[in-house]
Amino acid sequence: MAPQGAHTESSRPAIAGQRQLVLFLLLSCAQLGRASQQSSGQEVLPGRKLLLAGTAKPDYSFYHRKADLLQKVRDIVAANPNTMRLEERKASDKEYSISMQVVQVQLGGLVTNHSTQARLFMDFGEHAREFISAELGLALLRVLAGGREAVARVLPSTPERAEKLWSLLQQVAFVVLPLENAAGRDKVEGGALCERKNGRGVDPNRNWEVDWGRKEKDYDPNEEFPGAAPFSEPEVRIVLDIARTFKPHVWVNVHSGMEAMFTPWDHKAEVPPEAAEALRVLQTLQKELFTQTCVVGSGGKSVGYLAHGTATDYMFEKLKVPLPFTWEIYGDMQAPFSDCFRMFNPLTKQHMESVIALWLRTIFRLIELLPTHSALLADGVFKTPTPPGSTGSSGPKQRTVDPGNGRGPGPAAGVPGGGGGANDITGATTNSKVPQKGVEAPSEAIAPFGKEGPANETTVMAVTQQGATPGVSVTGPAENGVVKGGPMPGVHSYLW
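Going by this note's numbering, the sequence shown opens with residue 899, and the numbers climb by one from there.
This is the structure we're talking about:
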């Protein structure tokens, strides 16, 4: 998600030296950790042997080419006409035309009005070089198509908890974009492995209206070009139209470049008070599933650079989405600047599958936590108030949220979709069922996020990148919400 660091000295004068120094220190720590690991007889992570073997390229024996991935999505939807619907949306601007798959999933049966459902909008493949993002989107659709048994394999638990999760899923409406930036993906498959922008050279995640066009000192147009104006890009206009109609409770924009979960803001180094409850959700996920491997906080504070004109900031500020997230699901901190595929994607099938398994668990654990969020409580979405994984029988405690902020209960609460009726966003098309192999992974039942106390970014601690040497902390603990020892992995690469 992050721009890949840069590459033209004219565009990054003094800061380039700073970033190079920080990266050198990080790489030195990682190499020392690797040497220690080898001398102690520990196994090196998959993909480490490939380091320095030249520029990595996609292995299409397990990664999907664009055409194959989009066809598999069609097949999945075609086999599940009662629970899935596919629309192939088209948009253009002058000579530039694009097509985007939009998949609607309702395991309780397709309806055209979603106002009584929890609404999740998930965007995969916004940046072209981040193949792992689109692979996770495809895997999610496979699990949802596989039904109760497939979901239970992703998040192993007691039969009672599995039944509660399945019951919750009947009350959830998904909109999934398996590959937002299909035109940019064509460039990567054609050999431009560092391309993150769309088919005409605009970064879709800098083309949104909130703080659009502002440029930092290290701005690199090769990475972050925001376009001629907000919403100039057909991809962005499609996503905006869906969001306005669907009125999601949850927005998840899935990227790679590091391992992290972000709330707003991206363009400021802070979490706004209205996002404190969303931050608590991420802190619960981090505590339960990541054991100190995942950075949590605002994007602008946690990465080390600010991003302007992002989708997540717009969803939060303009559309009042209560749970607006950006997830970074993988990053190789040891990859050289020019080795983009290695930097943003696992290089072995085993490693790719382990990343996907982890983040599938994260998605379904997020769904388990939704009934305790004040916005969904205010909407009266879930019939069963106690989420799976909760301890205690009295149900979640509802938080008092300023009713004027549009994100919580109260007579003036403007919760997206609340009372106004969220409408169907796609037309009927084809649909599919693809069996999903079981994923073995433990998952403990932990109390819902409402019991964790006040949100505090300083609780996000020592971080190790997935793909880097286990046990080697590439950054120190956070102090006052700022990670010690310099910027986060974005020092050499733009992520989201």
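Think of the CB as a built atom: it goes at the ideal place given N, C-alpha and C, for glycine as much as any other residue. Model, not experiment: these values are computed from the prediction.
**Asked** Roughly how many whole angstroms lie between the Cα atoms of M1020 and K1166?
**Response** Here the question's residue 1020 lines up with position 122 in the sequence shown. Here the question's residue 1166 lines up with position 268 in the sequence shown. The C-alpha of K1166 is placed about 23 Å away from the C-alpha of M1020.
**Item:** Under the three-state DSSP convention, the category K988 falls into
**Value:** For the purposes of this step, residue 988 is taken as residue 90 along the sequence shown, with counting starting at 1. K988: strand per DSSP, three-state reduction.
**Message:** I'd like to check one pair, V1009 with L984: are the Cβ atoms closer than 9 Å?
**Reply:** On the sequence shown, position 86 is the one that residue 984 refers to. On the sequence shown, position 111 is the one that residue 1009 refers to. No.
**Message:** Helix, strand or coil, according to DSSP, for V1253 in the structure here?
**Reply:** For the purposes of this step, residue 1253 is taken as the residue at position 355 of the sequence shown. Helix, per DSSP.
**Asked** Nearest to E1037 by alpha carbon, out of I974, I1140, R1046?
**Response** Position 139 of the sequence shown holds residue 1037. The sequence given here places Ala at residue 1037; Glu does not occur at that position. The shortest C-alpha separation from A1037 is found at I974.
**Request:** Within 10 angstroms of the Cβ of T1409, are there 16 or more other Cβ atoms? Answer buried if so, exposed if not.
**Result:** What the structure shows of the chain is the stretch from 899 to 1394, and residue 1409 is not part of that stretch, so it cannot be assessed.
**Message:** Please report the distance separating the alpha-carbon of G1190 from that of E1157.
**Reply:** Here residue 1190 refers to the residue found at position 292 of the sequence shown. Here residue 1157 refers to the residue found at position 259 of the sequence shown. Note that residue 1190 corresponds to Gln in the displayed sequence, not to Gly. Spanning the alpha carbons of Q1190 and E1157 requires a straight line of approximately 10 Å.
**Message:** Quick check on this structure: which residue in C1092, P1269, E1107 has the alpha carbon closest to the alpha carbon of A1209?
**Reply:** Counted from its first residue, the sequence shown places residue 1209 at position 311. Nearest C-alpha to A1209 among C1092, P1269, E1107: E1107.
**Prompt:** Are S1031 and D1277 close, meaning C-beta to C-beta below 9 Å?
**Reply:** As a first step, residue 1031 must be located in the sequence shown, where it is residue number 133. As a first step, residue 1277 must be located in the sequence shown, where it is residue number 379. Cβ atoms of S1031 and D1277: not closer than 9 Å.
**Prompt:** Taking the continuous beta strand (DSSP E) assigned at W1149, which residues delimit it?
**Reply:** Along the sequence shown, one-based indexing puts residue 1149 at 251. 1148 to 1153 is the span of the beta strand (DSSP E), which, as asked, contains W1149.
**Request:** Kindly give me the distance between the Cβ atoms of F960 and K1247, rounded to whole angstroms, as I take these residues to be in contact under 8 Å.
**Result:** What you label residue 960 is simply residue 62 of the sequence shown in a count that begins at 1. What you label residue 1247 is simply residue 349 of the sequence shown in a count that begins at 1. Contact holds; Cβ gap of about 4 Å.
**Asked** Among V1041, N1079, V1003, which residue has its Cα nearest to the Cα of A1255?
**Response** Locating residue 1255 in the sequence shown gives position 357, where the first residue counts as 1. By alpha-carbon distance to A1255, the top candidate from V1041, N1079, V1003 is V1041.
**Item:** CB contact flag (V1073, I1140, <9 Å)
**Value:** Position 175 of the sequence shown, counted from the start, is the residue given in the question as residue 1073. Position 242 of the sequence shown, counted from the start, is the residue given in the question as residue 1140. Cβ distance < 9 Å, so V1073 and I1140 count as in contact.
**Message:** Going by C-alpha to C-alpha distance, which of V1003, L1204, W1163 sits closest to D1116?
**Reply:** On the sequence shown, residue 1116 is found 218 positions in, with the first residue counted as 1. Among V1003, L1204, W1163, the Cα nearest to that of D1116 belongs to L1204.
**Span separating the alpha-carbon of V1193 from that of L1063** = Locating residue 1193 in the sequence shown gives position 295, where the first residue counts as 1. Locating residue 1063 in the sequence shown gives position 165, where the first residue counts as 1. Rounded to the nearest angstrom, the two C-alpha atoms are 26 Å apart.
**Request:** Report all residues from its chain with a CB closer than 6 Å to the CB of K988; omit the five preceding and five following residues, and keep chain order.
**Result:** Counting from one through the sequence shown, the residue named residue 988 turns up at place 90. In chain order, S997 place their CB closer than 6 Å to the CB of K988, counting only its own chain and leaving out the 5 sequence neighbours on each side.
**Asked** Are L1039 and W1149 close, meaning C-beta to C-beta below 9 Å?
**Response** For the purposes of this step, residue 1039 is taken as the residue at position 141 of the sequence shown. For the purposes of this step, residue 1149 is taken as the residue at position 251 of the sequence shown. Contact: no.
**Message:** Given this structure, state the Cα-to-Cα distance separating L1018 from V1070, to the nearest angstrom.
**Reply:** Here residue 1018 refers to the residue found at position 120 of the sequence shown. Here residue 1070 refers to the residue found at position 172 of the sequence shown. Going from the Cα of L1018 to the Cα of V1070 covers about 7 Å.
**Request:** Determine the closest residue to Q1232 out of R1051, W1225, H1206, F1242, with distance taken between C-alpha atoms.
**Result:** Residue numbering aside, residue 1232 sits at position 334 when the sequence shown is read from its first letter. For the residues R1051, W1225, H1206, F1242, the minimum Cα distance to Q1232 belongs to F1242.
**Other residues of its chain near F1129: CB distance less than 8 Å, five sequence neighbours each side excluded** = For the purposes of this step, residue 1129 is taken as the residue at position 231 of the sequence shown. In its chain, beyond the 5 residues on either side, N1105, W1106, E1107, R1135, L1138 have a beta carbon closer than 8 Å to the beta carbon of F1129.
**Message:** Is it buried or exposed, Q969, if we count other Cβ atoms within 10 angstroms and call 16 or more buried?
**Reply:** Taking the sequence shown and counting its residues from 1, the one referred to as residue 969 is at position 71. Q969 comes out exposed.
**Prompt:** Looking at C-alpha atoms only, which residue of E1172, E1131, G1195 is the closest neighbour of F898?
**Reply:** For residue 898 there is no data in the structure shown, the boundaries of the chain being 899 and 1394.
**E1122 and K1113 closer than 9 Å at C-beta** = Stepping through the sequence shown from its first residue, residue 1122 is reached at position 224. Stepping through the sequence shown from its first residue, residue 1113 is reached at position 215. Yes, the Cβ-Cβ distance between E1122 and K1113 is below 9 Å.
**Prompt:** On the three-state DSSP scale, how would you describe W1064?
**Reply:** Position 166 of the sequence shown holds residue 1064. In this structure, W1064 counts as helix in the three-state DSSP scheme.
**Item:** Presumed contact (8 Å Cβ cut-off) between S1272 and E1172, rounded CB distance
**Value:** Counted from its first residue, the sequence shown places residue 1272 at position 374. Counted from its first residue, the sequence shown places residue 1172 at position 274. Actually they are not in contact, since the Cβ atoms of S1272 and E1172 sit about 11 Å apart, beyond 8 Å.
**Asked** What does DSSP give as the partner residues of W1106 in its beta bridges?
**Response** The residue given as residue 1106 occupies position 208 in the sequence shown. Bridge partners of W1106: none, in fact.
**Message:** So the candidates are L1274, C1238, R1259, L1268; which of them puts its Cα closest to the Cα of R1094?
**Reply:** Here residue 1094 refers to the residue found at position 196 of the sequence shown. Nearest C-alpha to R1094: C1238.
**Collapsed DSSP secondary structure at M1241 in the structure displayed** = The residue given as residue 1241 occupies position 343 in the sequence shown. In the displayed model, M1241 falls within a helix according to three-state DSSP.
**Beta-carbon gap between E1087 and P956 smaller than 9 Å** = Within the sequence shown, numbered from 1, the residue matching residue 1087 stands at position 189. Within the sequence shown, numbered from 1, the residue matching residue 956 stands at position 58. Contact: yes.
**Message:** Just to confirm the assignment: which complete beta strand (DSSP E) runs, minimum length 3, are found wholly within the region 1138 to 1222?
**Reply:** Segments of the beta strand (DSSP E) lying fully in the region 1138 to 1222: 1148 to 1153, 1156 to 1161, 1193 to 1196.
**Request:** Output yes or no for whether 9 Å exceeds the beta carbon distance between D1211 and P1162.
**Result:** As a first step, residue 1211 is located in the sequence shown; it is residue number 313 there, counting from the start. As a first step, residue 1162 is located in the sequence shown; it is residue number 264 there, counting from the start. The answer is yes: Cβ separation under 9 Å.
**Request:** Given a cut-off of 9 Å, decide if K964 and A1080 are closer than it, judged by their beta-carbon atoms.
**Result:** Residue 1080 sits at position 182 when you count from the first residue of the sequence shown. Residue 964 sits at position 66 when you count from the first residue of the sequence shown. Yes, the pair counts as a contact, with Cβ atoms nearer than the cut-off.
**Message:** I'd like to confirm the pairing. Which residues does DSSP put opposite L1018 in its beta bridges?
**Reply:** As a position in the sequence shown, residue 1018 is number 120, starting the count at 1. F1072, V1148.
**Distance between F1188 and D1084 (C-alpha atoms, nearest Å)** = For this step, residue 1084 is matched to residue 186 along the sequence shown. For this step, residue 1188 is matched to residue 290 along the sequence shown. In this model, D1084 and F1188 are separated by some 33 Å (Cα to Cα).
**Item:** Candidates T1056, N978, E1078, Q999, of which the one nearest E1024 by Cα
**Value:** Residue mapping note: residue 1024 aligns to position 126 of the sequence shown, counting from 1. Check the Cα spacing between E1024 and each of T1056, N978, E1078, Q999: the tightest is with E1078.
**Message:** Does P1057 pass the burial test, meaning 16 or more other C-beta atoms within 10 Å, or should it be called exposed?
**Reply:** What you label residue 1057 is simply residue 159 of the sequence shown in a count that begins at 1. P1057 sits exposed, since fewer than 16 C-beta atoms from the chains shown fall within 10 Å of its C-beta.
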